[in-house]
Amino acid sequence: MSITVPAPDPALAAGLDCPLRVLDLDGTRLHDPLLDAHLGDIDESALADLYLDMVRVRRLDTEAFALTRQGHLVLWPPLLGQEAAQVGAARSLEQRDWVFGSYREHGFALLRGADMAEFARIWKAYAHGGWDPHEINMAPSQIIIGAQSLHGVGYAMAAKMDGSDEVALTAFGDGATSEGDVNEALVWASAFQAPVVFLCQNNQYAISEPVAVQSGGLPLALRPTGFGIPSMRVDGNDVLAMLAAGRIAVERARSGGGPTFIEAVTYRRGPHTTTDDPKRYRDEAEVEAWVAKDPIDRVERALERMGVDMDPVRAEAKVRADRLAKEFRAAAEHAEPPAAEEIFDNVYAQPSRRLERQRAEHLAFVASLAEESK
Amino acid sequence: MKTFLLPDLGEGLTDSEIVAWRVKEGDAVELNQPLADIETAKAVVELPSPYEGTIAKLHAAEGETVDVGAPLIDFDVADDDAPAPSGSDESATDASAHDDPAPSPEGGPVATPADTVAEVRDAPAPEEKPEKVSVLVGHITVHGGKPTRKRRAWDVEPFTRQERPSGRPNRAMPPVRKLAKERGIDLQSVRPSGRDGLVTRADLETAGTASGPQAQPQPASTREKVTGLRKHTAAAMTQSALTVPHAATFHQVDVTETLALARSGDASFLALASRAILLAAKRWPDVTAAFHADTMELERFAHINLGIAVSTDRGLVVASIDEAESMDALELTAAIKDRATRAREGSLTMAELTSSNITISNVGVFGVDGGIPILNPGESAIIALGAVRRMPWEHEGEIVLRDVCTVTVSFDHRVLDGREAAGFLADIAAVLERPALALAR
Ligand SMILES: Cc1ncc(C[n+]2csc(CCOP(=O)(O)OP(=O)(O)O)c2C)c(N)n1
Ligand SMILES: [Mg+2]
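Protein chains in written order, with my numbering: chain A, 913 to 1286; chain B, 12 to 452.
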């Protein structure tokens, strides 16, 4: 038996390849009235800062990938190719806003200020959450596809009830849009006009399934309109377009305008995780085509066009990226496994009597083993 | 020195195969430089170097399967005993770090603004011929018209997913499952008579045992994964067969005198045949040349490195006897024996496995008269020696029983034409027929 999903009607899929863009592949600054209105403050030095951010994010990603192959980490979901989508969106937030992301949000974690030693412990399977969410206003990585969209909407609804002007951004993948959680989150966000930004990084694959399998051939950005949520399709490899789109969405949320959905059209150039072999389900040529749309190269060209001398900028980026890689490597290599009783921590905000009893029982059991072996 | 143990490169793997080394012992390597391609049960992955230093020892050969946790590479690392970096900021002591102007997390302005105005063009780029998509606040509308976007793989091909065959698999209670297992009966091959399609104890009785002919139908075929040497041989032979225009020529040779010589002395028949081949190769030097299609060059070698094809338990290998033309038959006898032994032990060096420029394959040991061998990649000729048979043969005007052997030469037709190949073969045959001729050559 086989199930056939028909090829999408090309007429309906129109626009699929022309998401909003203000930086062309060759670095030309394109004019877009909607986005330009939110980029007035972006001069050469601000663009160079975004460049530095992306280089550091990429370096963190590639170093962690290598560390996994070298046995220091156990798993890594690479974000190679998605740097602009994350950096642009992350830089549109204030530190008081909250981020609810998936397992691939390393760019957000870095830019929000996650402790790299804590971060490394997650991917060494030594920590469940890693960083302290309240320190950087970013919830722990969510492995359950799409669940974080509900957490984000819940947080945003609470912020609204509290009368605060905090905004929640929830980041998820193309595959996540097929989950009930994300669809429920859209309903609630719409019904309560929650101050939330839905950031869908459409990296074209949910593990091995190409997006067309679940999109019906239509842009994912069409979906939220069915929930009454306005939506933007943005070139996810254009950091400026992502920054502007993020700012538009955050501004709407903060000013009581309710939720906004951003589909960042990008590409996952690496495997799904370090245990995946993408050659089994996609063509190398397809990957090559996306290398040509590299988000970092594009900004380098844009800066050059603006007359910026790139040599010192590249040198600076290298120094910062090298330092980050070194710090992260040291953390990964020297992380120590947690004590088993840590499993009882962080179950409830206030420890319960039952849990305390179980912890005591566990410690007594461990101590009895030491007695026996004497 | 630091020893790097093979890590688990997937989730919960127990071993991995070394597909290819990208470095050799003595090489200086940088941190994260690719060292090897390693195949796990899940993927072929690149291994980035865990250290900066020198490769002291590679513990496994290409094609070998290594257990997770076993030593893979020894490194000589400069600051071996230096304390490991602390993970704090002090660890950033690279040479370039001191001219780093203590950047704030946000980063100071580093770009030098020039007083040029950025080029501005209307979005989006013309190359992509966009459909108009209106955005934000409300709905995205997709206007008609002919889209000119690039087609993607999944646009062209409808997506088809193979599903498992429909129908419920047979089920049974645990004790019945246990009994079926003990008797070697596949539950799915039994017709269930119980409620809700449950297989019962009685059903197993009627199904008999696995040893009964009807119990477990022999599968029509089975598949196993091709790994190790078999895989490399497959790749090498495919490449050779598909890229080199092969041609072959054969000749029946009366080897009675050569065989008598082998029986009367300490030189083996194969070594004497090798001598004949080496003498002929000297007269036809292009038989050891290499054809480089990428640069359109013919590479000729100063020496003849004679490859001996050895069949081992793990598969076929070609072991080289370098500069074989300078050896006499006794030295060749010893060298052939040495290569064959070490090939079976798996202790040949990478150089010995790759340096030959002509190969001899003694298919006669399998009792056959000959065959058309495929060239060892990169070489221009391979000689197959068939079994030596006593057969009626014309000798000095009479029909007598002689020892006869078929010799075959396969050759790269880009390098050699029939004239050279035949001349080469005729010269081999002449010496095998009259070994004394070797004195004159
Ligand atoms: C609820 C749930 N179902 C299935 C999985 C297994 N799973 C892990 S990653 C993944 C694909 C997610 O794809 P996408 O949302 O596009 O995110 P990406 O990995 O591309 O960033 C799936 C199905 C899961 N983790 N959680
Ligand atoms: Mg995806």
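Every residue gets a Cβ at the ideal spot worked out from N, C-alpha and C, and that includes glycine.
Among the options, whose alpha-carbon lies nearest the alpha-carbon of residue i?
{"i": "A/Thr1185", "options": "B/Leu83, B/Ala330 and B/Val56", "result": "B/Val56"}
{"i": "A/Val999", "options": "A/Leu1152, A/Glu1228 and A/Glu1091", "result": "A/Leu1152"}
{"i": "A/Pro945", "options": "A/Glu1047, A/Ala1156 and A/Gly1087", "result": "A/Ala1156"}
{"i": "B/Met307", "options": "B/Trp32, B/Trp295 and B/Val426", "result": "B/Val426"}
{"i": "B/Ala47", "options": "B/Asp207, B/Ile29, B/Gly375 and B/Thr267", "result": "B/Ile29"}
{"i": "A/Asp1206", "options": "A/Gly1085, A/Gly939 and A/Cys930", "result": "A/Gly939"}
{"i": "B/Ser251", "options": "B/Ala301, B/Ala440 and B/Leu20", "result": "B/Ala301"}
{"i": "B/Ala441", "options": "B/Ala345, B/Met12, B/Val266 and B/Asp277", "result": "B/Val266"}
{"i": "B/Trp295", "options": "B/Asp333, B/Glu36, B/Ala433 and B/Gln199", "result": "B/Ala433"}
{"i": "B/Ala362", "options": "B/Ile332, B/Ile371, B/Glu342 and B/Leu341", "result": "B/Ile332"}
{"i": "A/Met1073", "options": "A/Ala1039, A/Ser1120, A/Gly1168 and A/Asp1086", "result": "A/Gly1168"}
{"i": "A/Ala1252", "options": "A/Glu1268, A/Ala1237, A/Glu1239 and A/Leu1275", "result": "A/Leu1275"}
{"i": "B/Ile439", "options": "B/Ala335, B/Phe261 and B/Ala354", "result": "B/Phe261"}
{"i": "B/Val79", "options": "B/Glu22, B/Pro230 and B/Tyr62", "result": "B/Glu22"}
{"i": "B/Tyr62", "options": "B/Glu73, B/Glu41 and B/His70", "result": "B/Glu41"}
{"i": "A/Val1162", "options": "A/Phe977, A/Leu942 and A/Val1011", "result": "A/Val1011"}
{"i": "A/Phe1173", "options": "A/Arg1008, A/Ile1141 and A/Gln1270", "result": "A/Ile1141"}
{"i": "B/Val415", "options": "B/Ala39, B/Leu396 and B/Gly326", "result": "B/Leu396"}
{"i": "A/Asp1009", "options": "A/Ile1048, A/Arg1217, A/Leu947 and A/Thr1178", "result": "A/Ile1048"}
{"i": "B/Thr254", "options": "B/Asp305, B/Asp277, B/Ala292 and B/Ala291", "result": "B/Asp305"}
{"i": "B/Ala313", "options": "B/Glu334, B/Ala52 and B/Asp324", "result": "B/Glu334"}
{"i": "B/Ala291", "options": "B/Leu309, B/Arg202, B/Ala246 and B/Leu443", "result": "B/Leu443"}
Report whether the distance from the Cβ of residue i to the nearest heavy atom of ligand 1 is below 7 Å.
{"i": "A/Glu1091", "result": "yes"}
{"i": "A/Arg1180", "result": "yes"}
{"i": "A/Ser1014", "result": "yes"}
{"i": "B/Ile11", "result": "Limits of chain B in this structure are 12 at one end and 452 at the other, which puts residue 11 of chain B out of reach."}
{"i": "B/Ile84", "result": "no"}
{"i": "A/His1184", "result": "yes"}
{"i": "A/Ile1174", "result": "no"}
{"i": "A/Ile1034", "result": "no"}
{"i": "A/Ile1141", "result": "no"}
{"i": "B/Ile332", "result": "no"}
{"i": "B/Ile319", "result": "no"}
{"i": "A/Ile1056", "result": "yes"}
What do you get for residue i, buried or exposed, if any count of 16 or more other CB atoms within 10 angstroms of its CB means buried?
{"i": "A/Val1203", "result": "exposed"}
{"i": "A/Ser1264", "result": "exposed"}
{"i": "B/His303", "result": "exposed"}
{"i": "A/Gln1113", "result": "buried"}
{"i": "B/Lys236", "result": "exposed"}
{"i": "A/Ala1272", "result": "exposed"}
{"i": "A/Ala1106", "result": "buried"}
{"i": "B/Pro158", "result": "Note that B/Pro158 scores a pLDDT of 34, beneath 50, so its modelled location is shaky and nothing firm can be said."}
{"i": "B/Thr217", "result": "exposed"}
{"i": "A/Thr1187", "result": "buried"}
{"i": "B/Ser275", "result": "exposed"}
{"i": "A/Pro1250", "result": "exposed"}
{"i": "A/Ile1119", "result": "exposed"}
{"i": "B/Thr25", "result": "exposed"}
{"i": "B/Ala437", "result": "exposed"}
{"i": "A/Tyr899", "result": "Nothing about residue 899 of chain A can be reported from this structure: the residues present for chain A run from 913 to 1286 only."}
{"i": "B/Lys192", "result": "exposed"}
{"i": "B/Ser204", "result": "exposed"}
{"i": "A/Val1278", "result": "exposed"}
* Asked: Between the segment 415-423 of chain B and the segment 227-247 of chain B, do at least 3 Cβ pairs fall closer than 8 Å?
  -> Contact between the segment 415-423 of chain B and the segment 227-247 of chain B is not established, with fewer than three Cβ pairs separated by less than 8 Å.
* To do: May I have all residues whose beta carbon comes closer than 6 Å to any heavy atom of ligand 2, sorted in chain order?
  => Listed along the chain, these residues meet the criterion: A/Gly1085, A/Asp1086, A/Gly1087, A/Asn1115, A/Tyr1117 and A/Ala1118.
* **Inter-stretch contact at 8 Å, needing at least 3 Cβ pairs: the segment 373-383 of chain B / the segment 354-363 of chain B** => No: fewer than three Cβ pairs fall under 8 Å.
* Asked: Does the segment 1088-1104 of chain A touch the segment 1042-1054 of chain A, meaning 3 or more C-beta pairs lie closer than 8 Å?
  -> Segments in contact, no.
* Asked: Are at least three pairs of beta-carbons, each pair with one atom in the segment 1225-1235 of chain A and one in the segment 954-965 of chain A, less than 8 Å apart?
  -> The segment 1225-1235 of chain A is in contact with the segment 954-965 of chain A.
* Can we say the segment 990-1005 of chain A touches the segment 1170-1186 of chain A, given the rule of at least three CB pairs closer than 8 Å? -> Counting Cβ pairs under 8 Å, three or more are found: they touch.
* To do: Check whether the segment 1013-1021 of chain A touches the segment 1049-1061 of chain A, taking contact to mean three or more Cβ pairs, one atom from each stretch, closer than 8 Å.
  => A contact exists between the segment 1013-1021 of chain A and the segment 1049-1061 of chain A.
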